[in-house]
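Novice:
Here it is as structure tokens:
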């Protein structure tokens, strides 16, 4: 499916994370400054829209509702690849959110 297919634009809009803001869960957004697939500016814009929409999610005190992690030197895949130095930062951020939820 592409946006040019019949109904494709609607499917893309529905699948877009921006169509589901705000989310009632902790949200960790990760971007690398070398990402050409999802440019950091796009992630920052999504972060801003999430921040504007998140009045209260009902999460426990101390649980970060919205976190943006920008990793210098990382591209689209390095933030997803176990063993990559960028993945260590992503994993730590996820563990931090998990730890806050466990308290």
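In the numbering used here, the protein residues as written are 192 to 294. Note that the Cβ used here is the ideal one computed from N, Cα and C, for glycine as well. Predicted, not measured: the structure shown is a model, and the values here were computed from it.
On the DSSP bridge list, what partners appear for residue 223?
Specialist: DSSP, once it has assigned bridges, lists 262 as partnering residue 223.
Novice: What separation, rounded to the nearest whole angstrom, lies between the Cα atoms of residue 292 and residue 234?
Specialist: For residue 292 and residue 234, the distance between alpha carbons rounds to 24 Å.
Novice: Within the same chain, show all residues whose beta-carbon is closer than 6 Å to that of residue 202, passing over the 5 residues directly before and after it, in chain order.
Specialist: Taken in chain order, the residues that qualify are 192.
Novice: Measure the beta-carbon distance from residue 213 to residue 239 and round it to whole angstroms, keeping in mind my assumption that it falls under 8 Å.
Specialist: Not really, about 13 Å apart at Cβ, beyond 8 Å.
Novice: At which residues does the alpha helix (DSSP H) containing residue 199 begin and terminate?
Specialist: Its alpha helix (DSSP H) spans residues 199-206.
Novice: Output needed for residue 228: all residues of its chain with C-beta closer than 6 Å, excluding positions within five of it in sequence on either side, in chain order.
Specialist: Once the five neighbours on either side are set aside, the close Cβ partners of residue 228 are 267.
Novice: Which term fits residue 279, buried or exposed, when burial requires 16 or more other beta carbons within 10 angstroms of its beta carbon?
Specialist: Exposed, because fewer than 16 other Cβ atoms sit within 10 Å of the Cβ of residue 279.
Novice: Quick check on DSSP: helix, strand or coil for residue 271?
Specialist: Three-state DSSP puts residue 271 in coil, outside helix and strand.
Novice: Starting from residue 286, follow its DSSP beta bridges and name the residues at the other end.
Specialist: Residue 286 is not bridged to any residue.
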